[in-house]
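The structure under discussion appears below in the form of structure tokens.
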């Protein structure tokens with residue numbers, strides 16, 4: 518009985534983390550059956566913890582890398598570790614065991630954050646996709662076994678589609694947070710080849726991030742170029758929707774629509790992703806849920 522209470526408390530802590538950190542994910546996946554939603558929340562809490570290590574301004578790079586090394590060891594020994602190092606750990610461990618979540622995907626998330634801490638250079642689009650695959654595509658891969666029926670065989674094409682959806686969402690994150698990433702972490706995640714192609718340099722990004730001002734056309738063109746690439750990654754999930762469980766189809770499509778809608782919010786802000794935080798409103802999220810329902814009703 519005590520164990521059950523501890524596990525319930527751990528799932529609740531995971532859900533609270535998700536509710537506080539990502540309204541988009543929370544609202545979309547709240548549509549799942551309770552047990553599945555709890556598993557999604559547990560995996561979200563894990564990913565949030567890893568991401569927070571990389572983004573923490575209170576840790577030196579060496580300290581952050583040490584924490585990631587410790588976590589990697591805990592993942593590799595998850596079946597034998599008896600302590601509960603985090604509030605979300607019991608729920609996470611239970612979810613990983615119940616759904617046979619890929620250890621490789623869990624470790625890819627850690628590797629992606631290592632890349633961030635070590636100042637991974639994004640030279641071209643392949644570099645950006647590699648980074649996004651680690652920090653976000655891995656999330657799609659983790660969630661996949663929770664979102665299919667037990668009888669569904671997950672093949673490589675379906676696995677790649679889940680990874681691609683995560684990549685598309687990460688590209689959206691990058692295009693939303695350009696100013697924040699530069700101010701807080703001095704990071705530019707945009708491929709150098711695209712910056713050169715459109716005549717955008719660090720001086721422009723720095724100026725717009727700290728002082729704002731009119732958004733130049735060459736920045737808008739670069740932004741749209743990269744968002745069209747993001748679109749392709751979003752669309753890759755559509756042919757596989759029917760292979761997900763009936764209960765998961767609406768949350769998956771809704772999460773894609775809501776995240777994709779962040780791009781429309783940036784456009785409405787005249788491409789100011791430097792000094793303004795762009796997001797989908799609660800009204801817009803409700804509209805996108807309705808849109809997803811209509812699409813699924815007609816398929």
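Residue numbers (our numbering): 518 to 816.
The beta-carbon is built from N, C-alpha and C at its ideal position, and this holds for glycine as well.
Keep in mind that this is a model prediction, so the values were computed, not measured.
Buried versus exposed, by CB contacts within 10 Å (16 or more), residue i
| i | result |
| --- | --- |
| residue 518 | Unreliable placement is indicated for residue 518, whose pLDDT of 40 sits below 50; no coordinate value is reported for it. |
| residue 662 | buried |
| residue 749 | exposed |
| residue 745 | exposed |
| residue 584 | buried |
| residue 800 | exposed |
| residue 541 | buried |
| residue 522 | exposed |
| residue 727 | exposed |
| residue 815 | exposed |
| residue 555 | buried |
| residue 578 | exposed |
| residue 694 | buried |
| residue 608 | buried |
Span of the alpha helix (DSSP H) around residue i
| i | result |
| --- | --- |
| residue 704 | It is not in any alpha helix (DSSP H) - residue 704 carries neither H nor E in the DSSP assignment. |
| residue 565 | 551-572 |
| residue 606 | 606-616 |
| residue 812 | 799-814 |
| residue 776 | 763-785 |
| residue 630 | 620-634 |
| residue 674 | 673-693 |
| residue 737 | 734-752 |
| residue 546 | 540-546 |
| residue 658 | 655-660 |
| residue 583 | 578-593 |
| residue 724 | 719-728 |
| residue 646 | 642-649 |
beta-carbon residue i near the ligand SAH non-hydrogen atom, thresh 7 angstroms
| i | result |
| --- | --- |
| residue 729 | Within the structure as shown, the ligand SAH is missing, as the structure has no ligands at all. |
Nearest residue (CA-CA) to residue i, options the options
| i | options | result |
| --- | --- | --- |
| residue 698 | 616, 685, 794, 764 | 794 |
| residue 575 | 701, 672, 667 | 701 |
| residue 730 | 787, 769, 549, 651 | 787 |
| residue 567 | 550, 552, 557, 589 | 589 |
| residue 812 | 791, 779, 769, 797 | 769 |
| residue 716 | 738, 703, 706, 696 | 738 |
| residue 614 | 627, 593, 626, 629 | 593 |
| residue 526 | 669, 790, 611, 780 | 611 |
| residue 626 | 652, 740, 683, 549 | 652 |
| residue 713 | 735, 695, 764 | 735 |
| residue 683 | 629, 649, 703, 782 | 649 |
| residue 665 | 536, 759, 743, 710 | 759 |
| residue 672 | 761, 536, 524, 790 | 761 |
| residue 789 | 733, 797, 778 | 733 |
| residue 784 | 763, 740, 766, 767 | 740 |
| residue 685 | 538, 791, 582, 654 | 654 |
- Message: Quick test of the definition: if touching needs 3 or more C-beta pairs under 8 angstroms, does the segment 561-578 touch the segment 630-637?
- Response: Between the segment 561-578 and the segment 630-637 there are three or more inter-stretch CB-CB distances shorter than 8 angstroms, so the stretches are counted as touching.
- Task: Indicate whether the contact test is met: 3 or more Cβ pairs, each with one atom in the segment 773-780 and one in the segment 801-813, closer than 8 angstroms.
- Result: In the pairwise beta carbon analysis, the segment 773-780 is classified as touching the segment 801-813: at least three pairs are separated by under 8 angstroms.
- With a cut-off of 8 angstroms, do at least 3 Cβ pairs link the segment 525-532 to the segment 602-616? Counting Cβ pairs under 8 angstroms, three or more are found: they touch.
- Message: Quick test of the definition: if touching needs 3 or more C-beta pairs under 8 angstroms, does the segment 750-769 touch the segment 722-733?
- Response: Because the criterion of three Cβ pairs below 8 angstroms is not met, the segment 750-769 and the segment 722-733 do not touch.
- Item | At least 3 beta-carbon pairs within less than 8 angstroms: the segment 666-684 vs the segment 542-562 | When Cβ pairs closer than 8 angstroms are counted between the two stretches, the segment 666-684 is seen not to touch the segment 542-562, the count staying below three.
- Query: With contact counted as at least three CB pairs below 8 angstroms, one residue from each stretch, are the segment 636-655 and the segment 541-554 in contact?
  - Reply: With a cut-off of 8 angstroms on Cβ pairs, the segment 636-655 is not in contact with the segment 541-554, counting fewer than three such pairs.
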